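Note that the sequence shown covers residues 0 to 332 in numbering that gives the first Met the number 0.
Note that CB positions come from ideal geometry on N, CA and C, so glycine has one too.
As the structure is a prediction and not an experimental result, all values here were calculated from the model.
As structure tokens, the structure follows; a few thoughts come after it.
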Amino acid sequence: MVSPVTSEVDFGAEGRQQGFLRVPHSVHRSAYGWIPVPVVCLCNGEGPTVLLMGGVHGDEYEGQIAISNLARSLAAEEIRGRVIFLPMANAPAAEAGLRTSPIDDGNLNRLFPGDPSGTPSQVIAHYIEEELLPLCDVMVDLHSGGSSLYYPPTLLRGQGWTQEEAALLKRLEAAFDLPYAWVFTGGGGPNSTARTAMGGANRKGVVSVMAELGGGGALDPEILKVTERGLRRILHGLGVLPGYEPDVQRGTRALHAQGSVYAYEAGIYVPLRDIGDTVQEGEAIGYIHRPDTPWAPPKEVTTPYSGLILAKRVPGPARRGDALVQVFRDAEP
Ligand SMILES: [Zn+2]
């Protein structure tokens, strides 16, 4: 079934195109209405096509702003090839500042390959996978820890399914030049059943990287700068932005995820350890306090993993099943 989405942008046209993807949404206040998903396309002759995507989760802001800033500041004449800017992919979620869409509770990064006859979030996922990704060579999908987590700027990538893909992924990592890279150790590939945008990219033969850029429901202006620099460096590295002169590379520490440490008690989490700390298996990383039962001693939280704390929970209150920190180890060279 074809997508019900119509695009105001002609992705085949040269020059600057901007407008909205119209996602049909017939509701009480608007019988023939549509949800506007903003999109910009810059196209100039031969070259690769790059999709820059943000706002897949609506409470993750650096990517939304960095992509918008880039879409405004670049001219089509500076480009070789095509760049599609999709800063607010799940627009209703982004408008509300929520991880999931208030219309259908849709978590866009759990809905790929989507459904053209489904809810608005499913329709958007389907449009991205079936209409946008087939146009693309490379996808960059920008996230953060959202309202509940915080990550220092971290690139996420697979290891590649061919030597050529592996080499390009390493080039993209070096070009983005974030302090950390989370290199996946399994899954993915063209037969991926992943419900994420990266899964969609794998199925369409698009080389993709993600990034986690801060979080906690806020925007960090320093991380925004790092993000914009990284996007320009990536476009330059792909030959799409030949006039840009990248500054000196700062270097990236490549990591593999060990796992998350979870809360098993409800209460207020008081961390002992922070991002950047190295922890040992069995070590106490924090306590869950119960101020509603002040005579009850706080419960110690211990890590089952040794390694580096890269991500942490931001809100104080935690329930059983909430991730408190995520522990990593250095990747094999
Ligand atoms: Zn996200």
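Let me check one thing: in DSSP terms, what residues is residue i bridge-paired to?
{"i": "residue 148", "result": "312"}
{"i": "residue 45", "result": "Partner(s): none; residue 45 has no beta bridge."}
{"i": "residue 298", "result": "287"}
{"i": "residue 82", "result": "41, 49"}
{"i": "residue 156", "result": "182"}
{"i": "residue 278", "result": "306"}
{"i": "residue 5", "result": "21"}
From the DSSP output, in three-state form, read off residue i for me.
{"i": "residue 248", "result": "coil"}
{"i": "residue 35", "result": "strand"}
{"i": "residue 28", "result": "coil"}
{"i": "residue 139", "result": "strand"}
{"i": "residue 317", "result": "strand"}
{"i": "residue 185", "result": "coil"}
{"i": "residue 16", "result": "strand"}
{"i": "residue 21", "result": "strand"}
{"i": "residue 306", "result": "strand"}
{"i": "residue 109", "result": "helix"}
{"i": "residue 200", "result": "helix"}
{"i": "residue 91", "result": "helix"}
{"i": "residue 133", "result": "helix"}
{"i": "residue 193", "result": "coil"}
Could you give the first and the last residue of the continuous beta strand (DSSP E) run that contains residue i?
{"i": "residue 270", "result": "266-270"}
{"i": "residue 328", "result": "322-329"}
{"i": "residue 179", "result": "179-182"}
{"i": "residue 96", "result": "Per DSSP, residue 96 belongs to no beta strand (DSSP E) and is neither H nor E."}
Assuming the contact rule is C-beta atoms closer than 8 angstroms, residue i and residue j should be a hit. Round their C-beta distance to whole Å, please.
{"i": "residue 89", "j": "residue 105", "result": "7 angstroms"}
{"i": "residue 287", "j": "residue 300", "result": "6 angstroms"}
{"i": "residue 91", "j": "residue 119", "result": "7 angstroms"}
{"i": "residue 188", "j": "residue 59", "result": "Their Cβ separation, rounded to whole angstroms, is 26 angstroms, which puts residue 188 and residue 59 out of contact at 8 angstroms."}
{"i": "residue 147", "j": "residue 313", "result": "6 angstroms"}
{"i": "residue 51", "j": "residue 73", "result": "In fact, because the Cβ distance is near 11 angstroms, the residues do not count as touching under 8 angstroms."}
{"i": "residue 32", "j": "residue 26", "result": "6 angstroms"}
{"i": "residue 36", "j": "residue 87", "result": "7 angstroms"}
{"i": "residue 226", "j": "residue 62", "result": "7 angstroms"}
{"i": "residue 149", "j": "residue 2", "result": "At roughly 35 angstroms, the Cβ-Cβ gap does not stay under 8 angstroms, so residue 149 and residue 2 are not in contact."}
{"i": "residue 333", "j": "residue 254", "result": "Only positions 0 to 332 of the chain appear in this structure, which leaves residue 333 out of reach."}
Check for me: the alpha helix (DSSP H) holding residue i runs from which residue to which?
{"i": "residue 170", "result": "162-175"}
{"i": "residue 69", "result": "61-72"}
{"i": "residue 121", "result": "119-126"}
Quick one: which unbroken beta strand (DSSP E) runs of 3-plus residues sit fully inside the stretch 202-262? Chain order, please.
206-214, 252-261
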